[in-house]
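Participant: Listed in order, the protein sequences are those of chains A and B. Quick note: the first sequence uses full-length UniProt numbering, first residue 1, plus one each step. Quick note: the second sequence uses full-length UniProt numbering, first residue 1, plus one each step. Ideal placement from N, C-alpha and C gives every residue a C-beta, glycine not left out. Quantities reported herein were computed from a predicted structural model and do not represent experimental measurements. Have a look at this one.
2 protein chains.
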Amino acid sequence: MVAPVSDRGFGPARHAELALLLEVAGTPKPGNVDRRRDLSDLHFEHFLTGAVGSAAGLELAESGASVGEAFEAAVAGMSRQGGGNTQFGCLLLLVPLVRAAADDDRDLTPAGATDVAESTTVADAVGFYRAFEHVDVAVGEVPEDAPDLDVRRGGDAAEALRERGVTLSDVMDLSADRDANAREWTGGFARTFRAAEAILADDGPVTDRVARAFLDLLAEEPDTLVATNHGEAVARDVMARAADISDPDEAEELAEAFVAEGINPGTTADIACAATFVALERGVPL
Amino acid sequence: MVAPVSDRGFGPARHAELALLLEVAGTPKPGNVDRRRDLSDLHFEHFLTGAVGSAAGLELAESGASVGEAFEAAVAGMSRQGGGNTQFGCLLLLVPLVRAAADDDRDLTPAGATDVAESTTVADAVGFYRAFEHVDVAVGEVPEDAPDLDVRRGGDAAEALRERGVTLSDVMDLSADRDANAREWTGGFARTFRAAEAILADDGPVTDRVARAFLDLLAEEPDTLVATNHGEAVARDVMARAADISDPDEAEELAEAFVAEGINPGTTADIACAATFVALERGVPL
Numbered sequence: 001m002v003a004p005v006s007d008r009g010f011g012p013a014r015h016a017e018l019a020l021l022l023e024v025a026g027t028p029k030p031g032n033v034d035r036r037r038d039l040s041d042l043h044f045e046h047f048l049t050g051a052v053g054s055a056a057g058l059e060l061a062e063s064g065a066s067v068g069e070a071f072e073a074a075v076a077g078m079s080r081q082g083g084g085n086t087q088f089g090c091l092l093l094l095v096p097l098v099r100a101a102a103d104d105d106r107d108l109t110p111a112g113a114t115d116v117a118e119s120t121t122v123a124d125a126v127g128f129y130r131a132f133e134h135v136d137v138a139v140g141e142v143p144e145d146a147p148d149l150d151v152r153r154g155g156d157a158a159e160a161l162r163e164r165g166v167t168l169s170d171v172m173d174l175s176a177d178r179d180a181n182a183r184e185w186t187g188g189f190a191r192t193f194r195a196a197e198a199i200l201a202d203d204g205p206v207t208d209r210v211a212r213a214f215l216d217l218l219a220e221e222p223d224t225l226v227a228t229n230h231g232e233a234v235a236r237d238v239m240a241r242a243a244d245i246s247d248p249d250e251a252e253e254l255a256e257a258f259v260a261e262g263i264n265p266g267t268t269a270d271i272a273c274a275a276t277f278v279a280l281e282r283g284v285p286l
Numbered sequence: 001m002v003a004p005v006s007d008r009g010f011g012p013a014r015h016a017e018l019a020l021l022l023e024v025a026g027t028p029k030p031g032n033v034d035r036r037r038d039l040s041d042l043h044f045e046h047f048l049t050g051a052v053g054s055a056a057g058l059e060l061a062e063s064g065a066s067v068g069e070a071f072e073a074a075v076a077g078m079s080r081q082g083g084g085n086t087q088f089g090c091l092l093l094l095v096p097l098v099r100a101a102a103d104d105d106r107d108l109t110p111a112g113a114t115d116v117a118e119s120t121t122v123a124d125a126v127g128f129y130r131a132f133e134h135v136d137v138a139v140g141e142v143p144e145d146a147p148d149l150d151v152r153r154g155g156d157a158a159e160a161l162r163e164r165g166v167t168l169s170d171v172m173d174l175s176a177d178r179d180a181n182a183r184e185w186t187g188g189f190a191r192t193f194r195a196a197e198a199i200l201a202d203d204g205p206v207t208d209r210v211a212r213a214f215l216d217l218l219a220e221e222p223d224t225l226v227a228t229n230h231g232e233a234v235a236r237d238v239m240a241r242a243a244d245i246s247d248p249d250e251a252e253e254l255a256e257a258f259v260a261e262g263i264n265p266g267t268t269a270d271i272a273c274a275a276t277f278v279a280l281e282r283g284v285p286l
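In structure tokens form, the structure reads like this:
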């Protein structure tokens with residue numbers, strides 16, 4: 001007999017790639033590209049291409065490469081399509097989670113993911129900065145006290161990072177007040193793991209579970225990408241409108257409204273994607 | 001500087017995986033799962049999972065494994081989801097095309113693909129038969145003159161294949177009268193390459209181009225999966241109804257009608273998928 005190929009399951013990198021695909025397919029996810037909706041210059045196919053493109057970087061993470069190297073590779077691969085930034089934020093969450101799942105001495109738990117985050121180095125921070133050279137990412141104000149650490153400098157910030165001894169974990173600490181993804185890094189990926197449990201406890205197709213988890217996350221905290229692009233008041237209004245939804249028709253209406261208004265709660269989608277990865281690792285049935 | 005990760009493009013295996021995703025996303029593809037439609041027990045997410053699952057087998061094909069081994073591995077990986085047979089036929093076309101694209105001494109042309117097909121061995125035929133053990137595939141009548149070569153026997157047919165010296169190319173020859181995918185193997189993948197050129201010459205999102213190519217293919221020949229499941233007359237009627245479509249609304253109506261009637265022109269989707277792979281290799285923009 002040949003090797004039992006049917007016994008080879010999905011490793012963490014494949015689960016992460018699949019999470020990228022299931023997340024974008026989940027509908028309705030008001031304001032985001034989903035199975036039923038494109039944005040004007042950002043199409044479903046850009047996300048499919050971004051997911052496949054990021055796979056090599058995710059495999060680096062699974063095989064033990066540093067978080068910064070794996071993240072930069074994933075973002076570089078993701079960027080090989082014309083839609084621009086499709087999954088930068090998702091990958092920022094997925095890479096440490098893949099490492100936690102893959103490492104022999106860690107588990108995919110808040111403690112395991114925190115351990116990955118806190119083990120990052122200055123070199124990881126440099127990799128993170130370099131990732132910004134591959135794609136345009138919406139970012140907030142330059143930190144006033146540290147203009148040499150502006151992420152828009154990309155790899156040019158390497159010297160400043162090294163001089164100040166700033167690790168990737170430090171970078172996330174500096175961003176946590178304005179970026180919900182950074183808060184996942186510094187807070188044990190709390191919303192990610194909670195949403196994963198909701199996905200596991202839900203029923204029906206996984207893409208439907210992901211869409212429901214997205215709406216719950218959106219109703220729970222202001223989306224920080226919306227806050228960056230439109231201000232804190234709009235982000236709070238978006239949260240309130242998501243909290244008002246009481247049936248699927250209203251969710252569809254909100255999806256139409258947000259697309260029309262140019263409201264893109266992308267950070268919430270990132271967390272939904274990371275939660276999908278955790279749910280896949282924990283055996284959500286497909 | 002680190003290695004220029006941004007310069008790593010998509011290899012043939014990644015393009016094949018992406019073709020599986022773009023094909024299923026293309027809509028409307030009347031009678032098939034697409035971005036807007038599920039079938040009752042076969043959902044979009046099963047195709048996403050099947051595509052990611054098949055990637056390891058496609059990578060085997062890219063790295064020079066035998067066609068039979070790579071195909072069996074791809075099908076085994078594809079089958080790790082609850083929808084059943086999502087992409088068996090696609091993979092039967094993609095694996096030799098990936099080999100033609102990857103091999104140094106071959107090109108992704110009708111001649112190169114034919115060379116791969118004609119170079120297959122009895123061991124490749126055994127791998128093909130074993131693939132049927134991983135998933136239920138709709139097949140036609142048992143060949144009356146060769147009941148020991150019934151594909152439903154899976155790996156149990158290995159002895160008969162070896163005794164008769166039947167290569168995978170021979171198996172395709174035996175099936176070519178009732179399976180359009182086998183006809184691609186024996187006929188230089190003619191429809192695949194023609195549809196690829198149509199996709200390249202078209203404009204707009206690739207998923208839209210794929211859907212149009214699917215309709216053109218469906219209007220051109222009876223779908224052999226429809227013929228297997230419903231008879232030749234129904235397959236000819238399906239072809240005629242596809243040929244009658246003159247605008248996108250009619251295509252949407254046909255999609256609704258075929259789903260309601262249980263008509264699934266899956267072989268035509270397989271060829272559209274293979275054509276998408278060739279178009280990706282030839283640089284269709286994403």
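Between the region 108-121 of chain B and the region 56-71 of chain B, do three or more beta carbon pairs fall short of 8 Å?
Facilitator: yes
Participant: Starting from PHE277(B), follow the alpha helix (DSSP H) in both directions and report where the run begins and ends.
Facilitator: Within the second sequence, numbered from 1, the residue matching residue 277(B) stands at position 277. Counting along the chain, the alpha helix (DSSP H) containing PHE277(B) begins and ends at 266-281.
Participant: Along the chain, where does the alpha helix (DSSP H) that runs through LEU218(A) open and close?
Facilitator: Counted from its first residue, the first sequence places residue 218(A) at position 218. It spans 206-218 - the alpha helix (DSSP H) in which LEU218(A) sits, taken as one unbroken run.
Participant: Thinking C-alpha only, which one of ALA255(B), ALA279(B), ALA274(B) is nearest LEU39(B)?
Facilitator: Position 39 of the second sequence holds residue 39(B). Ranking ALA255(B), ALA279(B), ALA274(B) by Cα distance to LEU39(B) puts ALA255(B) first.
Participant: Consider the Cβ of GLU220(A): report whether some Cβ of chain E lies at a distance smaller than 8 Å.
Facilitator: The structure shown contains no chain E; the protein chains it does contain are A and B.
Participant: What residue does the alpha helix (DSSP H) around ALA138(A) start on, and which one ends it?
Facilitator: Here residue 138(A) corresponds to residue number 138 of the first sequence, with the count starting at 1. Secondary structure note for ALA138(A): it is in no alpha helix (DSSP H), with a DSSP letter that is neither H nor E.
Participant: Between which residues of its own chain and ALA219(B) is the CB-CB distance below 7 Å, once the five residues before and five after are set aside?
Facilitator: Your numbering for residue 219(B) matches position 219 in the second sequence. For ALA219(B), where only same-chain residues beyond five positions count, the Cβ hits under 7 Å are MET239, ALA242, ALA243.
Participant: Leaving out five residues on either side along the sequence, give the residues of the same chain with a beta carbon under 6 Å from the beta carbon of PRO30(A).
Facilitator: In the first sequence, residue 30(A) corresponds to position 30, counting from 1. Excluding positions up to five away in sequence, the list reads LEU254, ALA255, PHE258.
Participant: Under the criterion of a Cβ to heavy atom distance below 7 Å, does VAL171(B) qualify as lining the ligand NAP?
Facilitator: Looking at this structure, you won't find the ligand NAP or any other ligand, since it has none at all.
Participant: Run through chain A and tell me which residues come within less than 8 Å of PHE10(B), C-beta to C-beta.
Facilitator: Here residue 10(B) refers to the residue found at position 10 when the second sequence is read from its first residue. Residues of chain A passing the Cβ test: VAL52, GLY53, ARG80.
Participant: In the DSSP assignment, find the alpha helix (DSSP H) that holds HIS46(A) and state where it starts and stops.
Facilitator: On the first sequence, residue 46(A) is found 46 positions in, with the first residue counted as 1. Here the alpha helix (DSSP H) through HIS46(A) covers 44-62.
Participant: Would a C-beta distance cut-off of 8 Å place LEU20(A) and ALA56(A) closer than the cut-off?
Facilitator: Counting from 1 along the first sequence, the entry for residue 20(A) is found at position 20. Counting from 1 along the first sequence, the entry for residue 56(A) is found at position 56. No. Outside cutoff.
Participant: Would you say GLU17(B) lies against chain A (beta-carbon separation less than 8 Å)?
Facilitator: In the second sequence, residue 17(B) corresponds to position 17, counting from 1. Yes, its Cβ sits closer than 8 Å to a Cβ of chain A.
Participant: Over the uninterrupted alpha helix (DSSP H) stretch that includes THR167(A), give me the two end residues.
Facilitator: Indexing the first sequence from 1 puts residue 167(A) at position 167. It is not in any alpha helix (DSSP H) - THR167(A) carries neither H nor E in the DSSP assignment.
Participant: Straight-line CA distance for ASN229(A) to THR268(A)?
Facilitator: For this step, residue 229(A) is matched to residue 229 along the first sequence. For this step, residue 268(A) is matched to residue 268 along the first sequence. Distance between the alpha carbons of ASN229(A) and THR268(A) is about 14 Å.
Participant: Going by C-alpha distance, which of LEU48(A), LEU22(A), ASN85(A) is nearest HIS46(B)?
Facilitator: As a working note, residue 46(B) is residue 46 in the second sequence. Cα-wise, what sits closest to HIS46(B) is LEU22(A).
Participant: What is the DSSP secondary structure of VAL5(B), reduced to helix, strand or coil?
Facilitator: Residue mapping note: residue 5(B) aligns to position 5 of the second sequence, counting from 1. Unreliable positioning characterises VAL5(B) in this predicted model, as indicated by a pLDDT of 43, which lies under 50. The coordinate reading is nonetheless provided below. VAL5(B): helix per DSSP, three-state reduction.
Participant: Using a Cβ-Cβ distance under 8 Å, would LEU286(B) count as near chain A?
Facilitator: On the second sequence, residue 286(B) is found 286 positions in, with the first residue counted as 1. Chain A, which has a Cβ nearer than 8 Å to the Cβ of LEU286(B), makes this yes.
Participant: Given THR167(A), which residues of its chain have a CB within under 8 Å of its CB, disregarding the five upstream and five downstream residues?
Facilitator: As a first step, residue 167(A) must be located in the first sequence, where it is residue number 167. The answer, listed in chain order, is THR120, THR121, VAL122, ASP124, ALA125.
Participant: Rounded to whole angstroms, what's the CA-CA distance from GLY82(B) to PHE44(B)? Just pull it up for me.
Facilitator: Counting from 1 along the second sequence, the entry for residue 82(B) is found at position 82. Counting from 1 along the second sequence, the entry for residue 44(B) is found at position 44. The alpha-carbon atoms of GLY82(B) and PHE44(B) are separated by roughly 12 Å.
Participant: Can you pull the chain B residues whose beta carbon is under 8 Å from the beta carbon of ALA25(A), in chain order?
Facilitator: For this step, residue 25(A) is matched to residue 25 along the first sequence. Per Cβ cutoff of 8 Å: PHE44, GLU45, LEU48.
Participant: Considering Cα atoms alone, identify which of GLY154(A), GLU250(A), GLU184(A) is closest to VAL116(A).
Facilitator: Here residue 116(A) is taken as the residue at index 116 of the first sequence, counted from 1. Measuring from the Cα of VAL116(A), the nearest candidate turns out to be GLU184(A).
Participant: Once the 5 residues before and after ALA25(B) are set aside, which same chain residues still bring their CB inside 6 Å of it?
Facilitator: As a working note, residue 25(B) is residue 25 in the second sequence. The answer, listed in chain order, is ARG35, THR207.
Participant: So within the region 236-267 of chain B, which uninterrupted alpha helix (DSSP H) runs reach at least 4 residues, ignoring any that extend past its ends?
Facilitator: Taking only runs of at least 4 residues, the alpha helix (DSSP H) segments lying wholly in the region 236-267 of chain B are 248-261.
Participant: Do we get a CB-CB distance below 8 Å when we pair THR268(B) with the residues of chain A?
Facilitator: For the purposes of this step, residue 268(B) is taken as residue 268 along the second sequence, with counting starting at 1. THR268(B) does not count as touching chain A.
Participant: Applying the 10 Å Cβ sphere with the 16-neighbour rule, what's the burial state of ASP270(B)?
Facilitator: One-based indexing of the second sequence puts residue 270(B) at position 270. Its Cβ being crowded by 16 or more others within 10 Å, ASP270(B) is buried.
Participant: Quick one, which of GLY140(A), LEU60(A), ASP216(A) has its alpha-carbon nearest VAL98(A)'s?
Facilitator: On the first sequence, position 98 is the one that residue 98(A) refers to. Measuring from the Cα of VAL98(A), the nearest candidate turns out to be LEU60(A).
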